[in-house]
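There are 2 protein chains.
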Amino acid sequence: MEFVERRSGISLWRQIADQIRIAISNGEFKETNMLPGELALAKRFEVNRHTVRSAIASLAREGVVQVEQGRGTFIARHTRLQYPIGRRTRFSAGLAGQTRTLSGTVRESRIEEAPVNVADALALDAGAPVLRLVRVSMADGVPLSRAISWFDAARFPDFAERLEKQRSITAVLKSFGVDDYVRISTRISAHHADPQTLEDLRLSPGAIVLRTEAINAEVDGRRVEYSNTYFAADRIELDIDHGTASAGM
Amino acid sequence: MEFVERRSGISLWRQIADQIRIAISNGEFKETNMLPGELALAKRFEVNRHTVRSAIASLAREGVVQVEQGRGTFIARHTRLQYPIGRRTRFSAGLAGQTRTLSGTVRESRIEEAPVNVADALALDAGAPVLRLVRVSMADGVPLSRAISWFDAARFPDFAERLEKQRSITAVLKSFGVDDYVRISTRISAHHADPQTLEDLRLSPGAIVLRTEAINAEVDGRRVEYSNTYFAADRIELDIDHGTASAGM
DNA sequence: TATGATTTGTACGTATGTATC
DNA sequence: AGATACATACGTACAAATCAT
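Respectively, the protein sequence lines represent chains A and B.
Here the first sequence is numbered in this note's numbering, starting from 1 and rising by one per residue.
Here the second sequence is numbered in this note's numbering, starting from 1 and rising by one per residue.
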């Protein structure tokens, strides 16, 4: 007996779909790997069976469940990828072993004048030329994240060109003589996805993104990268690395 | 000219409200501290003025904006609280200085048999008696978070009674001889709020919560607390502390 | 003080989507 | 599948409040 709210601007089938999604990710049905019957769900949410059917149909469209006539509704996937965040955060290495394939494509790349927040983060003067890079990552054919990064264009002149030939940001930075860099700041928040992110991550309206706002710097403190990354929240969770028990020794 | 999707299970006014919320938190209107007029917004989202009015009405109910006839619609709050997360995460201390008042109330408190995930986190045997505590925190009269914590009931027998007299978890633990404890693990994810959390945090359906799943332990490694905390995502962001630049020395 | 321009508030009618029975 | 009720969305018109001139 759970609650759905009418006149909330969100249709009942949508609220029920969201709650079933939550229940799945909480592992509620992992013993049988299938949902209860439509009548049982209708009773649980106190709605008509047809409303539950609409909810399940939308989950099936998303690929969260698979419906088989006469047998039941089966859960397709129920675990999130784990993305480790620490002083030594590296995108590909962090997800290694959790996916079969992992790729990244550059969506936009242009030089612009640094807005104040970017200039602050990179310790540049506002208006200084910076490279703005938008990349979308895919794991096993499904979009995972949309990242907007900024780099000092004066220090890394042909960054974009080099990225076409190299595999990763880390490799390109190395070619510029940046042998090592560490995460010095990460802020995490959650939002409804904006329209552009919805499209790039193939999400439907109302979907959630986890946003990380991060600064990477060399060990001497020189700022290297400022990034805003939007992760599809139902596909990933962030695992914070607090360092060793002996306080970083 | 932005996009709203029809027949998506989320009403247009709701999608528009969400997008305006995003725009506000991106600082889009911070020069004037007010929204564009209803007609301008209707043009931007390509909907009727009444649809925009519904969106604004819901934002006004939430306290995000204030409407004044003949003058315009003003933004009430546009910054999120910053909650620092590091090895030494403490709830009250972390938000000190950002709010006028900060309080926490216990919603539930009972002994139960540890489910497997709780037993794992506290390094107990499954089924061992644990204290399950649900607390809701409020900042300046607005709910911030709902936290479910588990403690070893054998080691901390009258924890709940002591908490009624003490101010904080830290104080109660101290009374049990736990002089210090550190965060050894934090996992962060984002979800649609479940019905109970919606109610406790006074959110409307479709609202987002940031979830932190955390383990606190003494410096010798003995587990002290396992917690799942749900933060109202539009009221807070998490600020990860990566330790000192010299790698913890 | 008066007037017009701009902004939000209210009212009516119609069409379509959602949910129940 | 058909009937009913209510929510959502659009269109139009006008009222009320605010502000600049």
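The C-beta atom is built at its ideal place from N, Cα and C for all residues, glycine as well.
Bear in mind that the values here come from a model prediction, so they are computed numbers and not experimental data.
For Gln-196 of chain A and Arg-6 of chain B, the gap between their C-alpha atoms comes out near 17 angstroms. Between the stretch 86–104 of chain A and the stretch 123–134 of chain A, the count of Cβ pairs shorter than 8 angstroms is below three; the stretches do not touch.
Note on geometry: alpha-carbon atoms of Gly-206 of chain B and Ile-22 of chain A lie some 12 angstroms from one another.
Here Pro-115 of chain B is exposed: its Cβ has fewer than 16 other Cβ atoms, across all protein chains shown, within 10 Å.
Against chain A, a Cβ distance below 7 angstroms from Ser-204 of chain B picks out Ser-8. When the beta-carbon positions are compared, Tyr-181 of chain A and Leu-201 of chain A stay at least 9 angstroms from each other.
For the stretch 48–68 of chain A, the set of positions with a beta-carbon nearer than 7 angstroms to some beta-carbon of chain B reads Ser-58 in chain order. Partner residues in the beta bridge of Phe-231 of chain B, as assigned by DSSP, are B:Ser-145, B:Leu-210.
An exposed status is given to Ile-111 of chain B, since fewer than 16 other beta-carbon atoms sit within 10 Å of its beta-carbon. For Ser-149 of chain A, the CB contacts under 6 angstroms within the same chain, skipping 5 residues up- and downstream, are Leu-133, Glu-225, Ser-227 in chain order.
Under a 10 Å Cβ-count criterion, Arg-146 of chain A is classified as buried, with 16 or more other Cβ atoms of the shown protein chains found around its own Cβ. Among the residues of chain B, none has a CB under 9 angstroms from the CB of Gly-37 of chain A; the nearest is roughly 21 angstroms distant. C-alpha of Val-47 of chain A to C-alpha of Ala-123 of chain A: approximately 56 angstroms in a straight line. Taking 8 angstroms as the upper bound for CB-CB distance, Met-138 of chain B and Ser-103 of chain B are in contact here, some 5 angstroms apart. Residues of chain A whose Cβ lies closer than 7 angstroms to the Cβ of Phe-3 of chain B are, in chain order, Pro-195. By the neighbour-count definition (other C-beta atoms within 10 Å, threshold 16), Asp-179 of chain A is an exposed residue. In the DSSP assignment, Glu-108 of chain A falls within the beta strand (DSSP E) that extends over 102–113. For Gly-72 of chain A, the uninterrupted beta strand (DSSP E) run begins and ends at 72–75, by DSSP. Rounded to the nearest whole angstrom, the CA to CA distance from Phe-159 of chain B to Ile-184 of chain B is 22 angstroms.
The shortest C-alpha to C-alpha distance from Val-106 of chain B to any of B:Glu-164, B:Ser-189, B:Glu-62 is the one to B:Glu-164. Residue A:Arg-187 holds the alpha-carbon nearest to the alpha-carbon of Glu-213 of chain A among A:Arg-187, A:Leu-203, A:Thr-79. With fewer than 16 other Cβ atoms from the protein chains shown falling within 10 Å of its own Cβ, Gly-141 of chain B counts as exposed. For the stretch 225–247 of chain A, the set of positions with a beta-carbon nearer than 7 angstroms to some beta-carbon of chain B reads Ala-233, Glu-237, Leu-238, Asp-239, Ile-240, His-242, Gly-243, Ala-245, Ala-247 in chain order. When the Cα atoms are used, Gly-243 of chain B and Gly-177 of chain B turn out to be separated by approximately 27 angstroms. For the beta strand (DSSP E) assignment, the uninterrupted runs of no fewer than 3 residues enclosed by the stretch 120–191 of chain B are, from N- to C-terminal side, 129–139, 142–152.
Residues of the stretch 73–96 of chain A that bring their beta carbon within less than 8 angstroms of a beta carbon in chain B comprise Arg-80, Gln-82, Ile-85, Gly-86, Arg-87, in sequence order.
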